[in-house]
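Numbering (the working numbering), first residue to last: 23 to 499.
All C-beta atoms, glycine included, are put in the ideal place defined by N, C-alpha and C.
None of these values were measured; they are calculated from a predicted model.
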Ligand code: AMP
Ligand code: ZN
């Protein structure tokens with residue numbers, strides 16, 4: 023069975039067909055960095071990390087982009103409250119996000135763009151929407167013109183009339199239609215602002231994802247994901263903006279994926295309801311991988327209830343997996359004997375059969391709950407072999423270890439004591455090379471500096487020298 027994904031655009035499961043063979047352009051909406059993220063927010067970060075890993079396991083070259091929203095009303099209010107700048111607030115919580123996400127085994131995105139570092143791209147996208155006749159300027163604000171966009175509502179499957187019935191024009195908004203939404207907001211006293219063709223101001227929330235997605239992935243991408251609360255209005259607005267800007271007739275996104283809510287006492291966990299637990303607090307109390315296990319033990323689209331018992335069970339699950347791994351390591355030192363009467367062919371056949379089932383589960387709209395069940399069948403098979411045989415052949419240990427490692431590379435719920443991710447190692451290596459190049463340039467050793475630039479270019483890493491230092495990014499696929 024090849025990969026099928028539930029596409030919210032069509033409302034059904036569809037075979038996954040990438041735009042470019044062997045490649046996947048994947049954008050996931052990231053956090054607003056005004057506070058620590060909570061356990062509900064952690065759900066999309068974890069489940070879409072696993073989808074990304076599964077696609078990579080299947081041989082796709084994935085470019086994964088997840089943004090940081092570092093300017094919006096919440097950022098401005100919190101910065102005022104803390105008496106710091108919006109930029110200082112963003113720096114703090116981006117660092118805190120990375121710390122918690124690393125602890126949860128979430129691979130860093132290939133690109134993690136920030137809205138405030140893409141103001142020219144945002145302005146350019148808005149200009150295109152205006153010139154294509156889908157936005158208008160109103161006293162320094164710019165609004166998307168819903169009446170010019172008949173497709174509006176096609177993602178959330180609601181018609182314009184029903185949507186209009188629920189929409190209001192808030193005081194201070196200078197729009198024609200209650201559903202029109204701001205692409206650009208005119209400057210207000212005490213708020214950060216940037217120059218634009220419409221006067222000083224700042225971007226609306228939705229436009230950043232359209233502008234940054236287009237910059238790093240192009241105008242037509244394979245997968246876009248986020249929590250189900252983002253479907254309307256955020257993703258509906260993103261689709262309208264991106265398609266209105268590109269004017270290519272191509273859809274902005276081929277597959278829209280949304281995770282279900284994490285609930286607490288049957289209510290959505292959220293900052294505004296005050297019923298939240300930060301991921302930081304959860305991982306101070308429970309092993310981080312238990313939280314990850316917990317999220318993956320349900321299908322990503324189903325709602326999931328957050329309970330202490332659920333987390334404790336997940337922690338017990340992680341412990342069982344780790345014990346299997348350490349028993350295996352221990353036995354491989356003491357009980358390895360190639361003269362054993364163990365039937366390795368039968369064992370390998372059983373592993374293969376389970377592996378097929380694992381792939382089937384992951385390919386079925388990446389059903390991690392079923393995949394974890396199969397991982398436990400593997401653990402049972404290994405444990406039984408260890409229990410029933412005093413000596414086992416080397417092949418048994420190699421096959422068992424490889425299987426556990428392979429599944430762990432996808433699910434990330436076993437872990438190891440020396441668990442530094444490959445990606446972090448690579449990031450560190452790139453940053454060391456950049457530091458060496460900066461030093462070489464200071465010493466006017468341009469031969470070495472060019473050598474490093476070319477070496478990185480050959481690996482698909484592009485350098486950009488800015489007044490703040492050298493930045494790097496991965497080449498577009
Ligand atoms: P935010 O920082 O509020 O934009 O949220 C970041 C991500 O978390 C978005 O994809 C949201 O849809 C998602 N999210 C927020 N609350 C929950 C929840 N209770 N359950 C699942 N996902 C959530
Ligand atoms: Zn977004």
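The DSSP-derived three-state label of residue 255 is helix. Inside the region 213-241, DSSP marks whole alpha helix (DSSP H) runs of 4 or more residues at positions 227-239, from first to last along the chain.
In the structure shown, the three-state DSSP call for residue 25 is coil.
Distance from the CA atom of residue 292 to the CA atom of residue 299, rounded to whole angstroms, is 9 Å. In the displayed model, residue 347 falls within a helix according to three-state DSSP. Rounded to whole angstroms, the separation of the alpha carbons of residue 388 and residue 81 is 15 Å. With a contact defined as Cβ atoms closer than 8 Å, residue 156 and residue 266 qualify at about 4 Å.
Across the structure, residue 78 and residue 320 are spaced so that their CA atoms are roughly 22 Å apart. Residues close to the ligand AMP by the beta carbon criterion (under 6 Å to any non-hydrogen atom) are, from first to last along the chain, 51, 53, 54, 62, 63, 65, 66, 248, 249, 251, 252, 281, 283, 284, 290, 291 and 292. Annotation for residue 257 indicates a beta carbon within 8 Å of some heavy atom of the ligand ZN. For residue 29, the closest of 410, 260 and 280 by C-alpha to C-alpha distance is 280. Between residue 268 and residue 244, the gap from beta carbon to beta carbon reaches 9 Å or more. Listed in chain order, the non-local C-beta contacts of residue 226 below 7 Å within the same chain comprise 203, 204, 205, 206 and 207, local neighbours out to five positions each way being set aside.
The shortest C-alpha to C-alpha distance from residue 393 to any of 431, 148, 359 and 251 is the one to 431.
By the neighbour-count definition (other C-beta atoms within 10 Å, threshold 16), residue 402 is an exposed residue. Closest option to residue 211, judged by alpha-carbon separation, among 98, 330 and 377: 98.
Counting along the chain, residue 367 sits inside the alpha helix (DSSP H) bounded by residues 366-385.
Following the DSSP letters along the chain, one finds residue 60 in no alpha helix (DSSP H), marked with neither H nor E.
Annotation for residue 184: the continuous alpha helix (DSSP H) segment containing it runs 182-188. The straight-line gap separating the alpha-carbon atoms of residue 459 and residue 482 is approximately 17 Å.
One Cα belongs to residue 452, the other to residue 406, and the distance between them is close to 44 Å. The beta carbons of residue 69 and residue 390 sit closer together than 9 Å. Judged by pairs of C-beta atoms under 8 Å, the region 303-320 touches the region 119-131, as three or more such pairs exist. In the three-state DSSP reduction, residue 167 falls in the coil class, being neither helix nor strand.
Only residues of its own chain outside the window of five on either side were considered, and among them 177 and 178 have a CB closer than 6 Å to the CB of residue 258, listed in chain order.
In the DSSP assignment, residue 246 forms a beta bridge with 49 and 278.
A contact between stretches requires three or more CB pairs, one per stretch, nearer than 8 Å, and the region 348-356 meets this requirement with the region 409-420. Distances taken from the Cβ of residue 228 to the heavy atoms of the ligand ZN include one shorter than 8 Å. At a Cβ-Cβ threshold of 9 Å, residue 142 and residue 238 do not count as neighbours.
Taking 8 Å as the upper bound for CB-CB distance, residue 56 and residue 111 are in contact here, some 6 Å apart. Taking the Cβ of residue 265 as the reference point, every heavy atom of the ligand ZN lies at 8 Å or farther away. Segment contact: the region 369-388 against the region 326-335, fewer than three CB-CB distances shorter than 8 Å; contact not assigned.
For residue 146, the closest C-alpha among the options 230, 261, 90 and 316 is that of 230. DSSP, reduced to helix, strand and coil, places residue 322 outside both helices and strands of the structure shown, so it counts as coil. Around the beta carbon of residue 107, a 10 Å sphere encloses fewer than 16 other beta carbons of the protein chains shown; the residue is thus reported as exposed.
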